[in-house]
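There are 2 protein chains.
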Amino acid sequence: MSKILRVNMTDLTAAYEDVPEKYKLMGGRWLTSSIVADEVEPTCHPLGPNNKVVLAPGIVSGTDAPSSGRISVGGKSPLTGTIKESNAGTPFSQHLARLGIKAVVVEGFPKEKGKFWLLRVDKDGAEFLPADEYVGQGLYEAYPALFDRFGKKAAIMGIGVGGEMKMAMAGVCFNDIDGRPSRYSGRGGMGAVLGSKGLKFIVTDDTGGPGVDIADKDLFNTGRKKLTEALRTHDVTKKGGALNTYGTAVLINILNEAGGLPTRNFSSGYFEGASKISGEAIAETIKQRGGAGKMGHPCHPECIIQCSNVWPYPDGTEHSSVQEYESVWAFGANCGIDDLDVTGELIRLCNDYGVDTIESGGTIAVAMEGGLAEFGDGQKAIELMHEIDKGTPLGRILGQGAAFTGRALGVIRVPGVKGQNMPAYSPRAVKGIGVTYITNPQGADHTIGYTIAPEILSVGGKADPLTPEGKAELSRNFQIATAFIDSTGYCLFIAFAILDIPEGFEGMVESCAGLLGTNWTADDVTRIGKEILKKERAFNEAAGFTKADDRPPEFMRYEPLPPHNQIWDVPDEALDSVWEF
Amino acid sequence: MSKILRVNMTDLTAAYEDVPEKYKLMGGRWLTSSIVADEVEPTCHPLGPNNKVVLAPGIVSGTDAPSSGRISVGGKSPLTGTIKESNAGTPFSQHLARLGIKAVVVEGFPKEKGKFWLLRVDKDGAEFLPADEYVGQGLYEAYPALFDRFGKKAAIMGIGVGGEMKMAMAGVCFNDIDGRPSRYSGRGGMGAVLGSKGLKFIVTDDTGGPGVDIADKDLFNTGRKKLTEALRTHDVTKKGGALNTYGTAVLINILNEAGGLPTRNFSSGYFEGASKISGEAIAETIKQRGGAGKMGHPCHPECIIQCSNVWPYPDGTEHSSVQEYESVWAFGANCGIDDLDVTGELIRLCNDYGVDTIESGGTIAVAMEGGLAEFGDGQKAIELMHEIDKGTPLGRILGQGAAFTGRALGVIRVPGVKGQNMPAYSPRAVKGIGVTYITNPQGADHTIGYTIAPEILSVGGKADPLTPEGKAELSRNFQIATAFIDSTGYCLFIAFAILDIPEGFEGMVESCAGLLGTNWTADDVTRIGKEILKKERAFNEAAGFTKADDRPPEFMRYEPLPPHNQIWDVPDEALDSVWEF
């Protein structure tokens with residue numbers, strides 16, 4: 193029987209609790225958002241004693257279901273003030289599941305200021321160890337040291353200096369399949385919440401753990417196979433398909449051609465240097481340089497999409513991982529930088545400091561607009577990131593994210609919603625994703641309702657990106673389905689396959705139903721997705737959010753975006769209608 | 193006939209418009225809040241093209257009514273995101289009124305970045321002059337230069353470097369009776385809004401102006417005399433009374449004895465060094481030092497209370513003005529500093545840079561808690577203020593106020609409401625003023641419902657400061673009456689006299705009714721006060737504010753405040769009931 197591991201940072205206790213009946217079918221985002229909604233006072237200070245961080249593997253995490261190693265991290269966000277869930281693909285998720293841990297709830301507040309702890313979890317229990325020796329270190333130094341200390345079979349959750357300094361762009365870091373500190377629940381500053389609680393690492397070892405109970409193995413296996421088959425068939429997700437061959441940065445050229453690649457702090461949708469930072473360029477350079485570089489790399493065992501990569505220095509030695517779309521875009525087009533060695537270094541710094549690449553890139557772009565550097569100046573961008581590590585006053589500004597930096601520098605063009613900067617798709621050129629950014633409960637986020645599929649990729653149907661028509665309904669449907677997927681433990685990228693291949697969708701549902709022993713159908717996907725969204729929305733309303741927070745940054749209403757020269761023209765009523773369900 | 197002067201910073205035009213019928217009876221806050229509510233989109237960016245700044249003298253400003261030279265400055269606040277009104281006593285108010293200007297509306301957005309303008313207004317009209325030569329200057333340098341250039345009869349509104357840099361603690365500066373840049377509409381960052389628009393100064397000369405129309409001179413004079421008599425009789429406001437003799441800092445010892453003097457960033461209500469920074473100490477030192485020091489100094493002609501002062505250096509030469517209660521507290525007790533020469537210097541720097549003393553002191557205290565200085569280190573406090581002038585990254589943090597600084601430094605104990613730091617009365621020890629801070633539409637502010645009168649001073653009745661009982665009603669009544677007073681042009685300090693002396697209250701109403709030709713009674717005071725509050729509240733609701741924003745900082749709910757060891761215990765329902773009218 194799975195347990196909840198409750199970690200109290202006031203008393204330094206870690207206790208296993210039975211899972212209440214109401215949580216028994218839940219996993220991932222469904223579970224983190226439910227626990228946060230049940231236990232966290234919505235108006236609490238995100239970095240005070242009454243916030244909590246909840247970590248939960250998905251429903252099928254820990255099994256051999258394909259691409260199922262996602263971990264959800266939830267709490268009240270210091271970046272947005274909303275409820276938050278951010279998920280990552282990592283062996284850590286599989287470890288928790290196989291250790292019989294349905295969720296870890298981190299609560300309380302350290303009695304001793306500036307003291308940090310490591311929680312060691314294995315089949316025998318959980319214990320606290322001092323983590324002071326790792327404080328101030330880069331995670332590229334700390335993670336290898338931890339693997340040396342705890343063994344190669346360990347999995348590690350950690351925060352970097354960003355989290356230690358309670359910066360709102362601090363993410364929660366997890367190891368990848370080779371132990372790199374490169375898989376992030378990056379968005380929303382949950383690393384800062386862990387920092388406020390003094391929890392620096394959780395190190396797991398699932399050796400000898402009870403493993404994952406599967407209620408109906410036949411149904412589970414039927415579903416698993418259908419989904420696997422769909423993933424192996426679809427052009428986007430198959431071996432040798434778009435994601436596997438070029439990584440997610442295959443989108444750079446595609447979005448640029450669509451005029452929707454946000455460039456130089458969202459002042460254009462077209463970047464003249466796009467081809468130099470494209471997925472094609474990444475793949476080609478990795479091939480040319482040889483050595484440690486890799487395309488088609490998995491973030492966790494059981495992943496069959498394998499969209500990750502390892503970027504080499506010109507001499508072939510390993511530089512960083514992952515040059516993926518949103519990260520390359522954030523430091524590339526959005527900062528006017530067309531050099532993959534620069535984006536690779538900036539991504540490496542984010543992983544090392546424990547901060548979100550999307551928020552970091554957005555922040556550097558706002559800083560550039562505020563006069564701290566010229567757009568395109570990669571060296572200066574790297575220097576600005578160093579300030580975060582050093583914790584200088586400038587670093588303290590940047591570390592709080594783009595909206596904060598914009599306010600410090602008097603920059604009006606800050607492309608955020610609810611305090612979180614927009615990712616790599618321009619709302620004025622791709623209206624559906626704009627509706628998702630603006631209306632979802634967690635601030636500007638692309639993964640939470642990825643309408644790019646039909647608007648740009650002709651996956652799951654086809655929608656004109658420029659028209660405001662029908663985008664509320666489109667976003668609503670994507671947000672509902674995504675809330676369910678975020679709860680399964682499956683990677684969101686299964687969506688490409690299951691949107692086009694009905695058997696894949698069935699497989700997703702059947703594998704979850706089989707594991708849990710339910711008779712779920714597609715209707716339950718919708719029901720559960722709606723339940724999750726409503727719960728998150730209710731938290732935000734109690735925290736003081738209203739329709740006025742479901743609005744775009746004002747400048748997008750009056751500044752036309754080249755090359756289409758479109759403004760934001762989805763009516764407010766349409767935005768509000770997203771929540772009519 | 194009065195006009196509205198509409199100043200467009202996009203086109204650099206200044207045009208006189210007839211006053212619409214609906215505004216004809218309005219003045220001060222009633223008028224600024226009404227124009228802002230009518231013309232400003234509540235969700236606009238406070239520093240973007242769609243915000244406006246409205247300046248309005250009060251109903252009786254410009255006449256010989258006693259202490260009637262208040263000017264209101266309104267707009268959407270970059271500090272709080274709410275509607276804002278902040279008023280100051282200055283000859284500038286009287287100039288506008290005597291020039292027949294009911295309000296100045298500053299709107300638009302500069303085409304040329306970094307360019308600043310001066311608007312010259314006299315009986316012949318308004319014209320723009322370049323102000324670039326004053327940019328970056330301290331206001332102690334600029335104001336004398338402007339008086340040299342435009343003559344000693346001028347009155348000046350200005351912003352300092354804080355406003356130029358669009359800092360959220362930037363106030364709007366007005367000259368005092370001797371031309372000092374020392375009278376501030378300090379709160380809420382309206383100086384930053386003017387900075388975003390590129391308007392650096394308005395210089396008026398009322399010579400030859402049409403003067404103020406008085407509809408019923410007899411009624412006006414009757415009222416004026418009654419109010420004058422009340423002010424000359426009441427112990428607080430009379431010549432040789434508490435305010436005149438010791439200045440507003442007479443409150444330091446009183447609040448300290450009540451355990452309600454916020455000390456070291458609101459971590460105590462008692463400051464062991466209080467007597468050294470008290471009004472008594474100020475008066476005594478000014479007397480001892482001789483020279484330029486003055487007690488009982490008026491901020492504008494017609495003021496008969498004269499609570500201001502001029503602080504001398506030890507050698508008797510002029511140092512700064514004004515050592516008043518909230519400023520001395522902010523830099524004194526709240527920073528653990530017990531040296532009036534230090535508070536005097538910090539106040540001088542605020543005046544010079546154009547920033548709010550209350551927000552500045554609160555910010556330094558949060559910075560001290562965040563480890564940038566020890567509490568009590570005056571020299572370091574001065575150095576921190578210098579950072580603001582220099583516009584360093586640290587200065588950019590501090591210049592955005594206490595909440596922003598707290599976030600940058602990871603400080604949880606930030607005693608603000610709606611982003612504005614609390615003034616000099618501790619809500620846990622004086623509950624009624626806490627209700628005012630928390631529920632009023634403009635962020636933590638003491639002047640907007642000064643329940644200190646009955647809670648501490650036994651003026652207008654007597655209320656136990658420590659009990660939560662009855663405080664919602666008390667605050668509501670004060671907020672309603674104050675909204676009216678803020679519209680009259682009278683100094684809020686008339687409240688002491690009119691709360692205790694019925695004829696004084698009648699005089700206030702009759703002087704306004706006489707000027708306007710209305711038959712107002714006490715009922716109209718209530719009616720108008722309610723109208724103003726409701727208008728402001730509606731703006732905020734449209735901007736996205738809810739009951740969740742009418743809540744105290746969380747730490748006050750769980751941290752008992754010495755010496756009474758009280759937490760905040762006014763129920764949320766009582767807070768919400770303030771708006772039940």
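Quick mapping for you: the protein sequence lines, in order, are chains L and P.
Take the position in the first sequence, starting the count at 1, then add 192; the result is the number in my numbering.
Take the position in the second sequence, starting the count at 1, then add 192; the result is the number in my numbering.
Just so it is clear, CB atoms sit at the ideal spot from N, CA and C, and this is done for glycine as well.
Exercise. Measuring CA to CA, which of L:V606, L:G662, L:C365 is closest to T807 of chain L?
Worked result: Only positions 193 to 773 of chain L appear in the structure, and residue 807 of chain L is not among them; the question remains open.
Exercise. Would you call M193 of chain P buried or exposed, if buried means 16 or more other Cβ atoms sit within 10 Å of its Cβ?
Worked result: exposed
Problem set entry | Identity of the residue in P:L453, P:I693, P:P241, P:E209 nearest A621 of chain P by Cα | P:L453
For this session: Compute the Euclidean distance between the alpha carbons of G390 of chain L and G508 of chain L, then round it to the nearest angstrom.
Result: 38 angstroms
Exercise. Just curious, the beta strand (DSSP E) that W503 of chain L is in, first and last residue?
Worked result: 500-504
Exercise. Which full runs of the beta strand (DSSP E) of 3+ residues lie inside the segment 497-575 of chain L, going along the chain?
Worked result: 500-504, 510-512
For this session: Note down, in chain order, each residue of its chain lying with its Cβ closer than 7 angstroms to the Cβ of V385 of chain P, except the 5 sequence neighbours on either side.
Result: P238, L239, N243, V245, G267, P270
Problem set entry | Cβ-Cβ distance between G300 of chain L and T202 of chain L below 7 angstroms | yes
Exercise. Taking Cβ-Cβ distances below 9 angstroms as the criterion, which residues of the segment 211-242 of chain L are in contact with chain P?
Worked result: E233, P234, T235, C236, H237, L239, G240, P241, N242
Problem set entry | 7 angstroms Cβ cutoff met for G250 of chain L and G219 of chain L | yes
For this session: Indicate whether G383 of chain P and V395 of chain P have their beta-carbon atoms separated by less than 7 angstroms.
Result: no
Exercise. Going by other Cβ atoms of all chains shown within 10 Å of its Cβ, with 16 needed for buried, is T597 of chain L buried or exposed?
Worked result: buried
Exercise. Pick from P:F308, P:G292, P:Q498: whose alpha carbon is nearest that of D314 of chain P?
Worked result: P:G292
Exercise. Quick one: what's got a C-beta closer than 6 angstroms to N436 of chain P's C-beta in the same chain, skipping five residues either side?
Worked result: G488, Q498
Exercise. Does any residue of chain L bring its CB to less than 7 angstroms from the CB of A557 of chain P?
Worked result: no
Exercise. Three or more beta-carbon pairs under 8 angstroms between the segment 554-572 of chain P and the segment 440-457 of chain P, yes or no?
Worked result: yes
Exercise. Are the C-beta atoms of D715 of chain P and some chain L residue less than 7 angstroms apart?
Worked result: no
Exercise. If you compare alpha carbons, which of L:G641, L:G624, L:K727, L:F670 is closest to A762 of chain L?
Worked result: Looking at the sequence provided, one finds Val at residue 762 of chain L rather than Ala. V762 of chain L has its Cα closest to that of L:G624, out of L:G641, L:G624, L:K727, L:F670.
Problem set entry | Beta-ladder partner(s) of K486 of chain L, from DSSP | L:V502
Exercise. Quick one: does I648 of chain L have its CB under 7 angstroms from some CB of chain C?
Worked result: Annotation note: the requested chain C is absent from the structure, which comprises protein chains L and P.
Exercise. With a Cβ-Cβ cutoff of 7 angstroms, do Y443 of chain P and Y517 of chain P count as a contact?
Worked result: The identity of residue 443 of chain P in the sequence shown is Leu, whereas the question assumes Tyr. Yes, Cβ-Cβ distance for L443 of chain P and Y517 of chain P is below 7 angstroms.
For this session: Grab the span of the alpha helix (DSSP H) containing A422 of chain P for me, first residue to last.
Result: 409-425
For this session: Say whether chain L places a C-beta atom closer than 7 angstroms to the C-beta of G602 of chain P.
Result: yes
Exercise. So, A466 of chain L versus N448 of chain L, is the Cβ gap smaller than 7 angstroms?
Worked result: yes
For this session: Mark S650 of chain L as exposed unless 16 or more other C-beta atoms lie within 10 angstroms of its C-beta, in which case mark it buried.
Result: exposed
For this session: With a cut-off of 8 angstroms on the beta carbons, I'd call N523 of chain L and R668 of chain L a contact; round off their distance for me.
Result: The displayed chain sequence assigns Phe, not Asn, to residue 523 of chain L. Actually they are not in contact, since the Cβ atoms of F523 of chain L and R668 of chain L sit about 32 angstroms apart, beyond 8 angstroms.
Problem set entry | Proximity winner among L:V547, L:K418, L:D768, relative to K663 of chain L (alpha-carbon distances) | L:D768
For this session: Establish whether the CB of K358 of chain L and some CB of chain P are separated by less than 7 angstroms.
Result: yes
Exercise. Does the beta carbon of R605 of chain L fall short of 6 angstroms from some heavy atom of the ligand ZN?
Worked result: For the structure depicted, the ligand ZN is absent and the ligand set is empty, with no information on it obtainable.
Exercise. For the segment 439-461 of chain P, which residues have a beta carbon sitting closer than 9 angstroms to at least one beta carbon of chain L?
Worked result: none
For this session: Could you pull out every unbroken alpha helix (DSSP H) segment of at least 4 residues lying fully inside the segment 611-657 of chain P, listed in chain order?
Result: 623-631, 644-648
Exercise. Are the segment 333-343 of chain P and the segment 224-238 of chain P touching by the rule of at least three beta carbon pairs closer than 8 angstroms?
Worked result: no
Problem set entry | Backbone CA spacing between G451 of chain P and W771 of chain L [nearest angstrom] | 49 angstroms
For this session: Could you please give the first and the last residue of the uninterrupted alpha helix (DSSP H) stretch that includes P336 of chain P?
Result: 331-342
Exercise. For a contact meaning CB atoms closer than 7 angstroms, what does G736 of chain P contact in chain L?
Worked result: T738, A740, D741
Exercise. So what does DSSP say about A257 of chain L, is it helix, strand or coil?
Worked result: coil
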